[in-house]
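Scroll down for the structure; my scribbles are underneath it.
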Amino acid sequence: MAGLVTTFGAGAMTNSIGEIRNADFLFVIGSNTSEAHPIIAMEMKRAVRRGATMVVADPRKIWMSTIAEKHLQLRPGTDVWFLNSLAHVICEEGLADEDFIAKNTEGFEAVRETVRRYTPEEAEKVTGIPAEDIRWTAREYATTEKAGIYYTLGITEHTHGTDNVYALANLVLMTGHLGKPSSGMNPLRGQNNVQGANDAGATPIFYPGYQRVDDPAVQAKYEKSWGVKLSPEPGLNLNIMMKEVGKSIKGLFVMGEDVVLSEPNCMELEKGMNAAEFIVVQEPFLNQTTRFADVVFPSSVFAEKEGVFTNSERRVQRVRKAVDPPGHAREDWRILIDMANASGARWAFESAADVYDELARDADKFSGISHARLDATVSLPKTGLQWPCPTPEHPGTTFLHEEGILRGKGLFQAVEYRPSAELPDETYGLLLSTGRTLYHYNSATQTRRETGLDAKQSEAWIEIHPRDAKKRGIEDRDMVEVTTRRGSVRARALYSRQVQPRCIWMPLHFAEARANLVTNDAGDPVTDTAEYKVCAAEVTKVEESAAGVGLYPGSFYGVDAPA
Ligand SMILES: Nc1nc2c(c(=O)[nH]1)N[C@H]1C(S)=C(S)[C@@H](COP(=O)(O)OP(=O)(O)OC[C@H]3O[C@@H](n4cnc5c(=O)[nH]c(N)nc54)[C@H](O)[C@@H]3O)O[C@H]1N2
Ligand SMILES: Nc1nc2c(c(=O)[nH]1)N[C@H]1C(S)=C(S)[C@@H](COP(=O)(O)OP(=O)(O)OC[C@H]3O[C@@H](n4cnc5c(=O)[nH]c(N)nc54)[C@H](O)[C@@H]3O)O[C@H]1N2
Ligand SMILES: [Mo]
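Residue numbers for the sequence shown follow full-length UniProt numbering, beginning at 1 and rising by one.
What follows is the structure in structure tokens.
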């Protein structure tokens with residue numbers, strides 16, 4: 001199991017972005033690729049233009065669904081049903097790659113047994129996807145050699161997010177779509193360098209390079225290397241930490257996250273922040289979270305510093321300083337080193353390159369990578385090196401698992417459907433989902449400071465199906481209040497057929513209408529990732545206030561035109 005779990009645990013693409021254009025079947029699930037990953041979407045468009053078949057599984061009509069052979073518009077939160085029914089068809093119709101399964105995997109029988117019950121006809125009742133479309137998708141996926149899966153938050157931001165990922169991995173393993181070009185299992189990472197942050201050990205369970213904190217040999221290695229005693233206990237996951245702020249967590253050092261905007265059920269977090277004893281925020285901009293800070297360290301943005309970024313395909317690339325940080329702002333690493341040394345450490349790093357060298361020294365995956373090597377091997381358009389890259393001579397790794405599933409075996413995981421934590425009922429009759437748009441970036445601290453982007457989308461909105469709106473006496477563009485068990489926000493209602501009836505959708509970007517005042521902080525049992533994608537909500541019309549009348553956010557292809 002070692003290989004697959006390391007890869008899936010690392011959450012990196014098994015394959016590379018450049019391979020997408022040569023894929024013959026693209027299975028895009030829970031990813032609004034053209035808005036959230038436009039460069040990767042370009043590769044997908046290129047594949048489709050070449051003749052590849054694309055299937056989009058998404059509750060909303062998104063731009064990608066307009067070029068897909070089929071749009072499987074499932075009900076939010078029903079992916080395990082859908083994916084198990086694909087596995088059902090693959091098993092029943094003898095499409096599984098028995099040879100690959102025997103050589104490379106363990107645990108297939110349990111999955112075969114579990115999915116027996118997940119017939120396409122039953123799946124249709126739960127997911128809303130026609131049984132025939134399920135059969136067709138299963139056959140196309142299983143019988144196409146170059147078939148890749150691409151997924152993002154529509155899969156992970158659920159209380160059954162881990163089950164969704166396992167159900168996808170089962171499909172990859174049973175069809176043997178692994179260790180080959182243009183195939184595999186490809187989570188598209190979110191923030192710039194979120195991959196690099198994970199690689200560097202910014203997670204509660206790993207040291208750099210996905211070496212487990214509870215492995216005594218690893219612990220001993222780092223105690224020697226860093227010269228300090230280390231704990232073998234995994235740390236807390238983000239969602240759990242946020243619930244402990246002001247309770248067992250008395251002090252908080254926040255760097256590069258606008259927590260009171262982006263964490264679920266954020267009013268509870270605000271209470272915790274008010275009860276905390278000391279809060280430091282290291283930020284290039286004043287944001288919602290700096291309101292709670294005792295100290296703000298002004299830091300710099302990407303163009304103001306040296307370093308490396310690692311993207312979703314494990315490619316470590318150099319970033320170079322273009323301008324000096326303004327005023328008192330400084331590079332993050334310099335601030336952290338000063339903090340460490342003021343606390344009694346003796347860190348002597350003189351450059352970002354020194355910091356990277358220390359990381360690479362103890363983590364095999366990157367030991368062949370250094371700023372010096374990256375600087376010496378610039379060959380456009382393919383810059384950087386893809387890990388694993390264990391030695392200075394190693395060329396880097398384009399796709400993983402070429403020689404079988406590394407040293408271990410891919411472990412199947414039988415998963416059963418569990419409904420989302422909170423579903424619509426008589427009081428809260430609508431299903432609310434949240435996400436992002438092309439024009440703004442997460443907390444929008446950066447994009448709302450840019451006049452062009454702000455002109456495109458200057459105020460918050462919710463998308464509601466005209467039928468649901470009319471039932472509630474809501475006209476297109478009326479101001480409404482969205483209420484859940486946790487709180488309420490005001491935003492403009494837009495009639496939209498992008499969303500299904502009985503579903504509403506809103507972006508997370510707007511500080512004055514924080515989606516996270518209403519989202520559910522129930523977490524996945526394994527990762528604690530919150531259920532941002534499903535909660536129960538109700539919508540009522542409110543009087544237009546004098547302020548806050550902004551521009552219509554626009555639509556890219558007209559499906560959300562007023563009825
Ligand atoms: N322009 C822009 N780009 C960004 C960002 C940004 O804020 N703005 N943020 C970056 C970050 S941090 C991230 S993590 C990525 C996220 O990238 P995405 O995950 O693509 O972004 P989301 O808007 O969350 O969209 C998730 C998709 O999943 C669908 N979905 C919702 N619920 C379900 C479900 O139950 N099942 C299925 N199958 N699908 C579902 C939604 O309809 C949507 O199309 O984007 C990154 N790129
Ligand atoms: N409702 C809902 N909520 C969500 C999501 C959702 O889909 N729905 N998605 C979730 C996801 S996937 C994510 S990733 C989060 C994102 O949420 P956040 O991480 O809070 O959002 P960002 O805007 O990416 O960045 C946070 C801060 O980093 C600062 N920053 C930028 N560059 C630097 C730098 O170089 N150094 C330092 N120190 N700071 C910097 C920015 O100014 C900003 O204030 O939101 C999550 N919240
Ligand atoms: Mo993200």
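Yeah, the Cβ is synthetic: ideal placement off N, Cα and C, and Gly gets one too.
Please read these numbers as outputs of a predicted model, since none were measured by experiment.
- Taken through DSSP and simplified to helix, strand or coil, tyrosine 151 comes out as strand.
- With fewer than three CB-CB distances shorter than 8 Å, the segment 318-328 does not count as touching the segment 387-395.
- Restricting attention to beta strand (DSSP E) runs no shorter than 3 residues, the segment 353-402 encloses none.
- Judged by pairs of C-beta atoms under 8 Å, the segment 173-186 does not touch the segment 333-346, as fewer than three such pairs exist.
- For the 8 Å CB-CB criterion, arginine 497 and lysine 61 form a contact.
- Segment contact: the segment 36-45 against the segment 76-87, fewer than three CB-CB distances shorter than 8 Å; contact not assigned.
- For alanine 138, the shortest C-beta to heavy atom distance toward ligand 1 is 7 Å or greater.
- Counting the other CB atoms within 10 Å of its CB gives glutamine 191 a total below 16, which places it among the exposed residues.
- By alpha-carbon distance to glutamate 263, the top candidate from Gly327, Val89, Thr437, Val245 is Val245.
- Contact check between the segment 533-541 and the segment 482-496: three or more CB pairs, one atom from each, fall below 8 Å, which counts as touching.
- Separation of the CB atoms of leucine 508 and threonine 445 is rounded to 13 Å, and the pair is thereby denied contact status at 8 Å.
- Taking a contact to require three or more Cβ pairs closer than 8 Å, the segment 149-162 and the segment 510-524 qualify as touching.
- The closest heavy atom of ligand 2 lies less than 7 Å from the beta carbon of phenylalanine 302.
- Phenylalanine 25 sits in a strand when the DSSP states are folded into three classes.
- Partner residues in the beta bridge of tyrosine 207, as assigned by DSSP, are Gln211.
- Each residue's CA atom was taken as its position, placing proline 204 and methionine 242 some 14 Å apart.
- In this structure, Pro76 is the residue among Pro76, Thr66, Met13 with its C-alpha nearest to the C-alpha of glutamate 422.
- In chain order, Leu95 place their CB closer than 7 Å to the CB of threonine 143, counting only its own chain and leaving out the 5 sequence neighbours on each side.
- If you check the CB distance, asparagine 516 and leucine 178 do not come in under 8 Å.
- Counting only runs of at least 4 residues, the UniProt domain "Molybdopterin dinucleotide-binding" (430-536) fully encloses the following alpha helix (DSSP H) elements, listed from N- to C-terminal order: 451-456, 466-471.
- By the C-beta density criterion, glutamate 121 is exposed, having fewer than 16 other C-beta atoms within 10 angstroms.
- Linking valine 534 to lysine 247 through their CA atoms gives a straight-line distance of about 27 Å.
- Ligand 3 has a heavy atom closer than 7 Å to the beta-carbon of glutamine 191.
- Residues of the same chain with a CB within less than 7 Å of the CB of valine 296, apart from the 5 flanking positions on each side, are Val281, Glu283, Thr290 in chain order.
- Pairing phenylalanine 253 with alanine 147 gives a Cβ-Cβ distance that is not under 8 Å.
- About 13 Å separates the CB atoms of valine 89 and leucine 72; that is not less than 8 Å, and the two are not in contact.
- Within the same chain, Cβ atoms closer than 6 Å to the Cβ of isoleucine 279 are found at Leu252, Phe292, Ala293, Asp294, the five residues on either side in sequence being excluded.
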